[in-house]
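Everything in the sequence shown is counted per our numbering, starting at 1236 for the first residue and increasing by one.
Cβ atoms here follow ideal geometry from the backbone N, Cα and C, with glycine treated the same way.
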Amino acid sequence: MKRILSLLAAAACMSAITYASDIFGSWNGKLQVTPQVALNLVFHIEEDNLAPHGAVVTMDSPDQGAKGIPLQLEMMRNDSIVVEAPQLQMKYAGRYHQDRISGTFTQGPLAIPLELSRGTFTPARPQTPKPPFPYKTKEVVIDNLQAGVKLAGTLTLPDNFDPSTPVVVMVTGSGSQNRDEEILGHRPFAVIADRLARAGIASLRYDDRGFAGSTGNAATATTRDLADDAEAAVQSLRAQGYGKVGLLGHSEGGMIAFMLAAGKNAPDFIVTLGAPSQTGAKILLDQNDNHFRKQNIPESERCRILEIISGIYGCIDNNRDMPQKELETALAAYIDECREHNTGNSPLWQQFWNDIKQLPASLSQPWMRYFITSDPAEYIPECRVPALVLYGAKDTQVKPELNMPAIKQLLPRADVRCYPGLNHLMQPCKTGQFEEYSNIETTIDENVLRDITSYINTLK
């Protein structure tokens, strides 16, 4: 009798898996987090007879640049599926019916309806260049001999190219990025390269050090090291006989543009998009302030938190030459001291202290400590080449109201422009917050593209 029952149980299990097989594949849906913010999610359900419940599930969050997040398959039988990501405090329970999965997405206290349909999600990016192209491209390798780094890049040449044609070297913003500065389905540098070529201007864009096709160690690279890579690109083009070589930098890349423009091997001109003019500490403190304001944290609490964070940055500045492990220890000690004098027991403070204890390890890393202590005011006045400096009026990452006045004071000869309604990526937007970036189809505002090409062409 036991043998018969076990066989019946096995048959029932096989029946359930077979019935559920229609659910295998990719499913996508839009999670309406708030009336203003929606996130596209993609679930991949792949058959695997060796896995629990006969399947493996992963999730993509394209709007946040996250792919392949592993999920635990808690249940999949008949017309139902339940998946969890304990590390994210996330759960999705849905019911399959007629090529739809309808269910509820929960994360922490949030519980939001989420309906999925078959297929993956491909964001609309109408400005992304598509062949055929009226210009030539070729793959190149730039050698930074001093650092032992090879940078893989793309050289884009208009058909009427000659030695007098300007060439623009593009430098990405913070974080490792590929030559297109790809983010959330957008490829800003590919769009700029396309527009430059159509306007008779050549360009060189390359993968960041230690990323994609480029060699080197990104984990140990500072902004100064990345500036050396950009300088190697400029010098490489000059060594090959190219005439006027300029530099276009976005965000941190704008800092690098100013750094090189103040050096002995300065480019012939620079264009910056959302470039900081303040210390890294001030930029990060302002970004933290923006984050806390979005969370509607009471002003008194927000000011106390910002004061603690400012003190942490000050600790880094005062110990900038300290070895990494020693700095990490010093930061941990400073945070412990701060906690002794700020003994709030509210959930807000409990979460803050839980989050902040992770900071010493990340803030003592080479790139972060360099960025926090760097001050563009030291080199911006030394810029001796034509400079076009662009900002988006709704930029919440490098706010124009914080950075433009200093640029105008430090470099009065610069052509400084601010575009109404644009964010840090120079996209037309509503709020300027990061959460909007992926939902905006435009990669770069057409007026910005037009002004960049027109400005460079006036320098011929």
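Margin query: Would you say Glu1417 lies against chain D (beta-carbon separation less than 8 angstroms)?
Written below: Included in the structure is just one protein chain, with no chain D present.
Notebook entry, point to check: Counting only runs that start and end within the stretch 1387-1457, where is the beta strand (DSSP E) found for 3 or more residues in a row?
Noted result: 1402-1406, 1437-1441
Item checked: Cut-off 6 angstroms between Cβ atoms - residues of its own chain near Lys1326, not counting five sequence neighbours on either side -> Glu1319, Thr1341
Next item on the list: Throw me the rounded Cβ distance for the Gly1264 and Glu1350 pair, which I believe falls under 8 angstroms.
Entry: 5 angstroms
Note to self: Counting C-beta neighbours from all protein chains within 10 Å, is the total for Gln1662 16 or more, i.e. buried, or is it exposed?
What the structure shows: buried
Notebook entry, point to check: In the stretch 1584-1614, which residue ranges form an unbroken alpha helix (DSSP H) of at least 4 residues, counting only runs that do not cross its ends?
Noted result: 1594-1598, 1601-1608
Check: Hey, would you say Arg1360 sits closer than 8 angstroms to Asp1334, going by beta carbons?
Finding: no
Check: Given Phe1446, which residues of its chain have a CB within under 8 angstroms of its CB, disregarding the five upstream and five downstream residues?
Finding: Ser1411, Gln1412, Asn1413, Ala1453
Checklist line | Separation of Ile1336 from Ala1286, as counted between CA atoms | finding: 22 angstroms
Notebook entry, point to check: Excluding sequence positions up to five away, which residues of its chain have a Cβ less than 6 angstroms from the Cβ of Thr1457?
Noted result: Pro1601, Trp1602, Tyr1605
Notebook entry, point to check: What whole-angstrom Cβ distance do Met1311 and Ile1304 have, given they're in contact under 8 angstroms?
Noted result: With 8 angstroms as the limit, Met1311 and Ile1304 do not qualify as a contact, their Cβ atoms being about 18 angstroms apart.
Margin query: Let me make sure I understand the geometry here. Which of Glu1671, Leu1276, Leu1694, Gln1632 has the alpha-carbon closest to that of Ser1261?
Written below: Leu1276
Check: What's the C-alpha gap between Tyr1370 and Ile1436?
Finding: 10 angstroms
Checklist line | 8 angstroms Cβ shell around Thr1608 - same chain, five flanking residues per side excluded | finding: Thr1514, Gly1515, Ala1516, Ile1551, Asp1552, Arg1555
Note to self: Assuming Ala1301 is part of the alpha helix (DSSP H), what are its boundary residues?
What the structure shows: Ala1301 -> not in any alpha helix (DSSP H); beta strand (DSSP E) instead, spanning 1301-1312.
Next item on the list: Express the C-alpha separation of Lys1629 and Asp1298 in angstroms, rounding to a whole number.
Entry: 19 angstroms
Margin query: Quick check: the stretch 1610-1618 against the stretch 1554-1568, are at least 3 beta-carbon pairs closer than 8 angstroms?
Written below: no
Checklist line | Counterpart residues of Tyr1626 in DSSP-defined beta bridges | finding: Cys1653
Check: Can you find at least 3 beta carbon pairs, one from the stretch 1648-1660 and one from the stretch 1533-1552, that sit closer than 8 angstroms?
Finding: no
Next item on the list: Select from Phe1424, Pro1364, Asn1674 the residue whose C-alpha is nearest the C-alpha of Ser1486.
Entry: Phe1424
Check: When we look at the beta-carbon of Arg1444 and count the other beta-carbons within 10 Å, is it buried (16 or more) or exposed?
Finding: buried
Next item on the list: Go ahead and pull the three-state DSSP assignment for Leu1240.
Entry: Reliability fails at Leu1240, whose pLDDT of 32 lies under 50, so the model's placement of it is uncertain and the value that follows must be treated cautiously. Three-state DSSP puts Leu1240 in a helix.
Margin query: Is it the case that the stretch 1523-1531 contacts the stretch 1502-1511, given that we only count it when at least three CB pairs across the two stretches are under 8 angstroms?
Written below: no
Notebook entry, point to check: Who are the near neighbours of Ala1273 in its chain, counting only those whose CB is closer than 6 angstroms to its CB and skipping five residues on each side?
Noted result: Lys1265, Gln1267
Notebook entry, point to check: Ends of the beta strand (DSSP E) at Val1292?
Noted result: 1290-1296
Checklist line | First and last residue of the uninterrupted beta strand (DSSP E) at Gly1488 | finding: Counting along the chain, Gly1488 falls outside any beta strand (DSSP E), though it belongs to the alpha helix (DSSP H) covering 1487-1496.
Next item on the list: Apply the 10 Å Cβ neighbour rule to Asn1658 and answer buried if 16 or more other Cβ atoms are within range, or exposed otherwise.
Entry: buried
Checklist line | Reference Ile1543, options Ile1532, Arg1574, Glu1561, Arg1528, closest by Cα | finding: Arg1574
Checklist line | Limits of the alpha helix (DSSP H) - the one that Met1557 falls within | finding: Neither: Met1557 is in no alpha helix (DSSP H) and is coded neither H nor E.
Check: Can you name, in chain order, every residue of its own chain whose Cβ lies under 8 angstroms from the Cβ of Ala1245, other than the five neighbours on each side?
Finding: Confidence in Ala1245 is poor, its pLDDT being 34 and thus under 50, which makes the residue's placement unreliable; the coordinate value appears in the next sentence. Nothing meets the Cβ criterion.
Check: Between the C-alpha atoms of Thr1253 and Ser1315, what's the straight-line distance to the nearest angstrom?
Finding: Confidence in Thr1253 is poor, its pLDDT being 39 and thus under 50, which makes the residue's placement unreliable; the coordinate value appears in the next sentence. So the alpha carbons of these two residues sit roughly 13 angstroms apart.
Next item on the list: Note down, in chain order, each residue of its chain lying with its Cβ closer than 8 angstroms to the Cβ of Phe1259, except the 5 sequence neighbours on either side.
Entry: Ile1280, Glu1281, Glu1282, Ala1290
Check: By Cβ distance below 6 angstroms, which residues in the same chain neighbour Arg1190 in space, the five residues on each side in sequence not counted?
Finding: Nothing can be reported for residue 1190: it is not among the residues displayed for the chain, which extend from 1236 to 1695.
Next item on the list: Name the residue from Arg1619, Lys1560, Phe1368, Pro1611 whose alpha carbon lies nearest to the alpha carbon of Arg1182.
Entry: With the chain represented from 1236 up to 1695, any question about residue 1182 goes unanswered, as that position is not in the structure.
Next item on the list: Measure the alpha-carbon distance for Ala1496 versus Glu1466 and round it to whole angstroms.
Entry: 10 angstroms
Note to self: Rounded to the nearest angstrom, what separates Val1683 and Met1639 at their Cα positions?
What the structure shows: 17 angstroms
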